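Visitor: Below is one structure. I have some questions about it.
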Amino acid sequence: MRRLLQSIIHNRKTYDRPQDEWTCGRAAEGCPCIYGPGPKGECRATGQCLPAKKGDRWVCTRLISLGAACETGPRPDGTCGCPVPPCQPQRSLRAQRGRLAGLTVCLALGLVLLAVWGRTREAWSSPGPLTSQHTASAHRCTDCHVESPAFSLAAPLSSARIKQHNQLCLKCHDLGPHSDSPHGVSASELLDIARTQAPSATSRPFALAAAHAAGPPADLACATCHREHRGADRDLAHLTDRQCQVCHQAPFAGFAAGHPEFAGYPYSRRTRLQFDHVAHFQKHFSDVRAPAPGPTSCAQCHEPAADGRQMLVRGFAQTCAACHSGQIDGAGRAGAKGLVFFRLPDIDVATLAASGAAIGEWPAYCEGGLTPFMRWLLEGDDTARAALATLGNLNLADLSRATAAQKAAAAQLLWSIKGLFANLVTQGQPVIMHRLGATSAAGRTGQFSADVALAAQRAWLPNLLTEVAAHRRGEAIPPAAPAGPRAASPSAAPPAATQPATVAADDDLLSDPAPTAPPPSPVPAVVAAPPPATALELDPAEERVATGGWYRLDESYTLHYRPSGHEDAFLTAWLDGTVNNPAPTAQGIFTQLAAPTAPGACMKCHTVDRAAGATVVNWRAARPAAGVRPFTTFKHTAHFSLMGTQGCSTCHTLATGADYARSFGANRDPALFLSNFAPLRKDVCATCHQPAKAGESCQLCHNYHTGEMVPLRLPAAEFSKPRPPR
Amino acid sequence: MKALTRRRWLLSLTTALLALALTAAWWLAGNALRPADLYTGWLLLGLLLGLAFFNARKKLPFLPLLAASTWLQIHLYAGWLACVVFALHAGLRPPGGRLELVLWLAFLIAALSGIFGLWLSRWLPPRLARSGESLVYERIPRLRHGVEAEVLALVRQAEKETQSTTLADFYLRVLAGYFARRPPLLAPLAGDDARHHRVITELAALRRFLNPRESVLADQLGELLEAKRNLDAQWAGQRLLKLWLFVHIPLTYGLLVLVGAHVWLVLHYAHRL
Chain A
1 MRRLLQSIIH
11 NRKTYDRPQD
21 EWTCGRAAEG
31 CPCIYGPGPK
41 GECRATGQCL
51 PAKKGDRWVC
61 TRLISLGAAC
71 ETGPRPDGTC
81 GCPVPPCQPQ
91 RSLRAQRGRL
101 AGLTVCLALG
111 LVLLAVWGRT
121 REAWSSPGPL
131 TSQHTASAHR
141 CTDCHVESPA
151 FSLAAPLSSA
161 RIKQHNQLCL
171 KCHDLGPHSD
181 SPHGVSASEL
191 LDIARTQAPS
201 ATSRPFALAA
211 AHAAGPPADL
221 ACATCHREHR
231 GADRDLAHLT
241 DRQCQVCHQA
251 PFAGFAAGHP
261 EFAGYPYSRR
271 TRLQFDHVAH
281 FQKHFSDVRA
291 PAPGPTSCAQ
301 CHEPAADGRQ
311 MLVRGFAQTC
321 AACHSGQIDG
331 AGRAGAKGLV
341 FFRLPDIDVA
351 TLAASGAAIG
361 EWPAYCEGGL
371 TPFMRWLLEG
381 DDTARAALAT
391 LGNLNLADLS
401 RATAAQKAAA
411 AQLLWSIKGL
421 FANLVTQGQP
431 VIMHRLGATS
441 AAGRTGQFSA
451 DVALAAQRAW
461 LPNLLTEVAA
471 HRRGEAIPPA
481 APAGPRAASP
491 SAAPPAATQP
501 ATVAADDDLL
511 SDPAPTAPPP
521 SPVPAVVAAP
531 PPATALELDP
541 AEERVATGGW
551 YRLDESYTLH
561 YRPSGHEDAF
571 LTAWLDGTVN
581 NPAPTAQGIF
591 TQLAAPTAPG
601 ACMKCHTVDR
611 AAGATVVNWR
621 AARPAAGVRP
631 FTTFKHTAHF
641 SLMGTQGCST
651 CHTLATGADY
661 ARSFGANRDP
671 ALFLSNFAPL
681 RKDVCATCHQ
691 PAKAGESCQL
701 CHNYHTGEMV
711 PLRLPAAEFS
721 KPRPPR
Chain B
727 MKALTRRRWL
737 LSLTTALLAL
747 ALTAAWWLAG
757 NALRPADLYT
767 GWLLLGLLLG
777 LAFFNARKKL
787 PFLPLLAAST
797 WLQIHLYAGW
807 LACVVFALHA
817 GLRPPGGRLE
827 LVLWLAFLIA
837 ALSGIFGLWL
847 SRWLPPRLAR
857 SGESLVYERI
867 PRLRHGVEAE
877 VLALVRQAEK
887 ETQSTTLADF
897 YLRVLAGYFA
907 RRPPLLAPLA
917 GDDARHHRVI
927 TELAALRRFL
937 NPRESVLADQ
947 LGELLEAKRN
957 LDAQWAGQRL
967 LKLWLFVHIP
977 LTYGLLVLVG
987 AHVWLVLHYA
997 HRL
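Structure, rendered in structure tokens:
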């Protein structure tokens, strides 16, 4: 039987003090003193006992556990006869552990001080690296955080604090007027969507139902979805499908299971260019009379945008020009190839003369009234505007029933027309620019040719400059001689051959008209002399400006502008400048230019949209608007390799029965339309977009922040600002 | 089933169910765009304070709070729960921030040391009880010293009675070094004491050279060697049972300081976690 090492006899046991901070240095040797170290670790050993005095004798009091009374006994002075040499007390395990704990706390406090008040506090207190895009713009915590004014337990969730932080985000990220609203759309739009979106009737997974039941928090912080301080490569925009659907009243399990059918996607409006795919594919491209063969693939007219998402229409030269350029520059037009810009209108000069009005010379056989352009230019003159107002809709060609005031106004208008003509001759383009205003005149002059106007003036009203000068001086204008015969067209009578010698010799009229102006002549100088038999014949005037420009027709006393081709600056500028102007004159110009038969035939393809109170001419086909994020995105280039033998028609099938042309014409609402193509079907996408295949995450096709994205408003100085020392 | 086993099963199951419910709630809160990290953070803070209070409770025996054994049970199972909540709150990957990383490591080491201590306190005491007499840790050095003195006295007695130095030589050659040696820190985890077996084997081999009186004394020597082995095992085992607390408790205090700083920083800067 094994012998017990510890004695169970009560007086043989020693008393241990493991809770004490110090232990006797001789404990490890098996002979600790009975007193143990003091509270500060000092050795208190003297002897094995403290002798007691009984009467006049000292007696040993050594414990039985230490061997009871010693043989030597106490010394005469009362000290122990068995002295214990002093030891070096040692800390107990408990004390050592306490010291280690204290050291650890000090170390932790040091770290905390470093993180909160140290020079490198931002490096220490940052919960993690920022994403690379924010690393460049955020240098201090307070760039993105509002510091709590006091230690508040509810601070992180308080609505005001959330909004304050959101405002810091919006300092750089301008999300538009409805930045606080889901998807950046207004509350009224959200209500409309909620009304039209029926609650989902399909069964949902428990997790989705539970998340949906909990609903979104009342105040959404930007950081709810954008979790920063998670590393440079963190996807800040990542959300799970369940998180997306928390706010939606009709959640569903997945794309194939529950996602609503596409409602006309991707056709949310009519095309900006009126191009009937059905008619072209079924009729025009196969027409042997067409000047050029039709395209053999969609890629001949369409190309992906730089980001691979939208399919764009290639330029005019690559698509339509082969067949339609002649209709624009007039080469293929049967009628007039240019539009009338200026005309000497038919005015009843006989009646005016009879009423005593001095009108000077005026052709007797003019036709037509003021052109819209002339009316626009004349309205810039107060006198002319007053005359036009007085005349109203009065027929200028018959003033026999006009009142005296109207006759006076007609005479005044005639002089305004003469003045305008004279100004065009003598000053040229600046007249137009001055009348329209310098900013809006760009392009509207159409490189107006003052030389053509000069030639016209010499042919039609040779004394115009003299008469106008006299009229402006208030001098009496001699009565005009009866109008001469209608001037011949320059094609038959070159202007140079028909000019009076005095005028023909003076080519510098524009630079100094007054001194060199010919003397007033009551007799029209226009005499259409037959060309010499040996002279070369002139081609028709409009043919001589085949690539566009200004020409005159003497038989009608008109100045014409022939479009130079596609994207003619004159036509586009006047259309843009008048489309939104409600003034009758402006609308008259727009109506003239927008007519399907108008020179240039702009509106044959380019449509006019009226939306949000403004009317715009769509000069370009749909393009990805810079900074505008749609709700649904689709990357065409990622799907090219998935197309079958049908090519693009795998998804885009022609809607042969749709009356595409009805979407245009008088309709200016782009939302009222019939598409050339049938809407996409969800099942086509769902063939691949399943969890085990191409995935069906909401964010594959949808953006959360939609609408116009203003570029980041980062102060330029921020990039060059040195980072604070860490 | 024993009551202890039943209690363990019951508490383990309750903790597991609670952890499962917390995980589900955290997951649902995340899906519902709620600040799940804020919720788990506050819960973790509460758990940490509760766990730390176990040590304080031991120092306040006069307070009429639950028994220390009950607190130990609460500490154990709340500790497991805290590990789950910590994983939900901070994730299983080290965070990128410096202070966050220190905090993460401190919790991890404190938790692992606690788990190690729990395992040790379950695994080691039965082995110590089987190995021999249960001893008070603080008395072991003195007992070891006593055994060593007895061995020395026995060797001297053998030399004196038998005029033979066989046992004395054996003491000088083997036993003196054996008694001077202290077992290494992790000896209890290593299993049997190979050095002790080697000494016993050598003593057995020595017996052929001993006379009858020496053999009797050698038997007594063997008993003392067994006592020394038990002392070493008890000392090493109990030392290990105390030393793991050198990691767990100091780190807990440090962790509380770091947690305080973390909470302050969060409340100071964050607006939504």
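So the protein sequences, as listed, match chains A and B.
For the first sequence, our numbering begins at 1 and goes up steadily by one.
For the second sequence, our numbering begins at 727 and goes up steadily by one.
For every residue, glycine included, the Cβ atom is placed at its ideal position computed from N, Cα and C.
The structure presented is a predicted model; accordingly, all values stated were derived computationally and were not measured.
What whole-angstrom Cβ distance do Pro599(A) and Arg544(A) have, given they're in contact under 8 Å?
Guide: Contact doesn't hold; Cβ gap of about 16 Å is too wide.
Visitor: So with Cβ pairs under 8 Å, would you call Ile64(A) a contact of chain B?
Guide: It does not; no Cβ of chain B falls within 8 Å.
Visitor: Using a Cβ distance threshold of 8 Å, determine whether the stretch 102-122 of chain A contacts the stretch 77-94 of chain A, with at least three qualifying pairs required.
Guide: Judged by Cβ distances under 8 Å, the stretch 102-122 of chain A makes no contact with the stretch 77-94 of chain A, as fewer than three pairs qualify.
Visitor: Quick check on this structure: which residue in Ser126(A), Phe206(A) and Gly335(A) has the alpha carbon closest to the alpha carbon of Glu228(A)?
Guide: Residue Ser126(A) is the option with its Cα nearest to Glu228(A).
Visitor: Using the C-alpha atoms, what's the distance from Ala336(A) back to Thr591(A)?
Guide: Cα to Cα, Thr591(A) sits roughly 17 Å from Ala336(A).
Visitor: Per DSSP, what kind of secondary structure is Pro430(A) in: helix, strand or coil?
Guide: If DSSP states are grouped into helix, strand and coil, Pro430(A) belongs with the helices.
Visitor: Short check: CB of Pro670(A) to CB of Arg204(A), under 8 Å?
Guide: No, they are not a contact pair.
Visitor: At a Cβ cut of 9 Å, what residues of the stretch 926-943 of chain B count as close to chain A, listed as they run along the chain?
Guide: Here the close residues number zero.
Visitor: Taking only beta-carbon positions, decide if Arg783(B) is within less than 8 Å of chain A.
Guide: Output row for Arg783(B): interface = no.
Visitor: Report yes or no: do three or more beta-carbon pairs, one from the stretch 902-913 of chain B and one from the stretch 67-74 of chain A, lie closer than 8 Å?
Guide: No, the stretch 902-913 of chain B is not in contact with the stretch 67-74 of chain A.
Visitor: Taking CB distances under 8 Å as the criterion, tell me whether Pro852(B) reaches chain A.
Guide: Not one chain A Cβ lies under 8 Å of Pro852(B).
Visitor: Should Ala405(A) and Thr390(A) be called a contact, given that it needs their Cβ atoms to be closer than 8 Å?
Guide: In this structure, Thr390(A) lies closer than 8 Å to Ala405(A) by Cβ.
Visitor: Note down, in chain order, all residues in the stretch 196-225 of chain A with a beta-carbon under 9 Å from any beta-carbon belonging to chain B.
Guide: Here the close residues are Ala207, Leu208, Ala210, Ala211, His212, Ala213, Ala214, Gly215, Pro216, Pro217, Asp219, Leu220, Ala221, Cys222, Ala223, Thr224 and Cys225.
Visitor: By DSSP, does Asp609(A) sit in helix, in strand, or in coil?
Guide: Three-state DSSP puts Asp609(A) in a strand.
Visitor: Which term fits Asp233(A), buried or exposed, when burial requires 16 or more other beta carbons within 10 angstroms of its beta carbon?
Guide: So Asp233(A) counts as exposed.
Visitor: Is the beta carbon of Gln6(A) sitting closer than 8 Å to the one on Leu791(B)?
Guide: No, the Cβ-Cβ distance between Gln6(A) and Leu791(B) is not below 8 Å.
Visitor: Quick check on Cys106(A): buried or exposed, where buried means 16 or more other Cβ atoms within 10 Å of its Cβ?
Guide: Its Cβ having fewer than 16 others within 10 Å, Cys106(A) is exposed.
Visitor: For the alpha helix (DSSP H) containing Lys682(A), name the first residue and the last one.
Guide: Its alpha helix (DSSP H) spans residues Lys682 to Ala686.
Visitor: Where does Leu510(A) sit, in a helix, a strand or coil, going by DSSP?
Guide: Any reading at Leu510(A) needs caution, since the residue's pLDDT is 34, under 50, leaving its predicted position unreliable; the model's value is listed next. Three-state result, Leu510(A): coil.
Visitor: How would you call Glu940(B), buried or exposed, if buried means at least 16 neighbouring beta carbons within 10 angstroms?
Guide: Glu940(B) comes out buried.
Visitor: Based on Cα-Cα distance, which residue from Leu777(B), Pro852(B) and Gly772(B) lies nearest to Ala837(B)?
Guide: Selected option, being the one with the closest Cα: Leu777(B).
Visitor: Nearest to Val617(A) by CA position, among Phe640(A), Ser649(A) and Asn667(A), is which residue?
Guide: Among Phe640(A), Ser649(A) and Asn667(A), the Cα nearest to that of Val617(A) is on Asn667(A).
Visitor: Which of the three DSSP states is assigned to Met643(A) in this structure?
Guide: It is coil, neither helix nor strand.
Visitor: Which residue comes first and which comes last in the alpha helix (DSSP H) that contains Gly549(A)?
Guide: Note, Gly549(A): premise wrong, no alpha helix (DSSP H); beta strand (DSSP E) at Gly549 to Leu553.
Visitor: Distance, Cα to Cα, Gly176(A) vs Gly707(A)?
Guide: One C-alpha to the other measures close to 8 Å.
Visitor: Assuming Phe570(A) contacts Gly443(A) (C-beta within less than 8 Å), just tell me the rounded distance between them.
Guide: Contact flag correct, Cβ pair sits at about 7 Å.
Visitor: Helix, strand or coil for Pro304(A), going by three-state DSSP, please let me know.
Guide: Three-state DSSP puts Pro304(A) in a strand.
Visitor: Take Tyr267(A) and list the residues in its own chain whose beta-carbon comes closer than 6 Å to its own, dropping the five residues that flank it on each side.
Guide: Ser675, listed in sequence order.
Visitor: Give a yes or no on whether 8 Å exceeds the smallest Cβ distance from Ser159(A) to chain B.
Guide: Answer no: the Cβ-Cβ gap between Ser159(A) and chain B never drops below 8 Å.
Visitor: In three-state DSSP terms, what is Ile359(A)?
Guide: In the structure shown, Ile359(A) sits in coil (DSSP, three-state: anything other than H, G, I, E or B).
Visitor: Check whether the Cβ atoms of Glu542(A) and Tyr551(A) sit closer than 8 Å, and answer yes or no.
Guide: Yes, the pair counts as a contact, with Cβ atoms nearer than the cut-off.
Visitor: Below 8 Å between beta carbons: does that hold for Leu100(A) and Pro867(B)?
Guide: The answer is no: Cβ separation not under 8 Å.
Visitor: Which residues in the same chain as Val608(A) place their Cβ atom closer than 8 Å to its Cβ, once the five residues preceding and following it in sequence are excluded?
Guide: Once the five neighbours on either side are set aside, the close Cβ partners of Val608(A) are Val579, Ala594, Thr615, Val616, Val617, Asn618 and Arg668.
Visitor: Can you look up Ala504(A) in the DSSP assignment and give me helix, strand or coil?
Guide: A caution first: Ala504(A) carries a pLDDT of 35, below 50, which makes its placement in the model unreliable, though a value can still be read off. Here Ala504(A) sits in helix by DSSP.
Visitor: Please report the residue range of the beta strand (DSSP E) in which Trp58(A) lies.
Guide: Counting along the chain, the beta strand (DSSP E) containing Trp58(A) begins and ends at Arg57 to Val59.
Visitor: With H, G and I counted as helix, E and B as strand and the rest as coil, what does DSSP make of Glu567(A)?
Guide: Residue state, collapsed to three classes: coil.
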